[in-house]
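In the UniProt record's numbering, the protein residues as written are 1 to 205.
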Amino acid sequence: MTISDCSSILGDCNNGDSISVNGTCLTVTEFTSSSFKIGAAPETLRRTNLGALKQGSKVNLERAVSAHTRMGGHFVQGHVDTIAEIVSVTPDNEAKVFRLSPRDKSVLRYIVEKGYVTLDGASLTITAVDDEEGWFEIMMINYTQEKVVMGNKQKGETVNIEVDCVGKYVEKSVIGYFEGKAGGEPAILEKIVSRIVQEQLSKQS
């Protein structure tokens, strides 16, 4: 895949560098002063909407963060979890409200109101979530609409989703804590129940 007309981000590019394409971290294999080539693995094509791109399609591009960059938004890895379909686009003055339905509904447990989500590489704030109906919403201001490809997308089109990785780490830690650690130690819930039972038996004896 060749991405062209992007000289503004290629000033210090090298083969092997990572560039985010619609929120997907991809490796530069060749480049010129105004274009670069990347390859997409089968797993990448399964998880993302990159396979639906056509010649002339516009994409969001972002270089990897540097130590001298101001940290705005949240940490984005470029590891897409799934895609979501846009189920509605509703104007709100100059802003737009996008309602999205993830293909993999399990990611909704990491999506919380006023939390972060990455859509096609853009860090956005979640404004509403409905776990039962399987959707969430974001509001996009006019400035953002002009800077990202999602601003022009319509109902029925798809976006790449990367949920906030902090939620995944917290979930894994909590599950590990309650289910017990490696090495055969009893789970914390088992310990709590055992202690309560012993206390009640002591009171009765």
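C-beta: ideal position from N, C-alpha, C; glycine also.
Item: Rounded to the nearest angstrom, what separates ILE111 and LYS105 at their Cα positions?; Value: 10 Å
Item: Any idea if LYS96 is buried or exposed, counting beta-carbon neighbours within 10 angstroms, 16 or more meaning buried?; Value: buried
Item: Compute the Euclidean distance between the alpha carbons of CYS6 and GLN55, then round it to the nearest angstrom.; Value: 15 Å
Item: For MET150, does the three-state DSSP call read helix, strand or coil?; Value: helix
Item: Between the Cα of residue 263 and those of LYS153, SER18 and ASN22, spot the shortest distance and give me the residue it belongs to.; Value: An answer regarding residue 263 cannot be provided, because it is not within the stretch 1 to 205 covered by the chain.
Item: What does the Cβ neighbour count give for MET71, buried or exposed, with the cut at 16 atoms within 10 Å?; Value: exposed
Item: Could you pull out every residue in the same chain whose Cβ sits closer than 7 Å to the Cβ of VAL24, ignoring the five residues on either side in sequence?; Value: First, the amino acid is wrong: residue 24 is Thr here, not Val. Hits under 7 Å: THR44, THR48, LEU50, GLY78, VAL80 and ASN160.
Item: With 16 as the cutoff for other CB atoms within 10 Å, does THR32 come out buried or exposed?; Value: exposed
Item: Got a sec? Which residues, its chain only, sit under 6 Å from residue 206 by beta carbon, not counting five neighbours each side?; Value: No statement about residue 206 is possible, as the shown extent of the chain runs from 1 to 205 and does not include it.
Item: In the DSSP output, which residue or residues are listed as bridge partners for GLU62?; Value: SER20
Item: Where does ARG99 fall in DSSP's three states?; Value: strand
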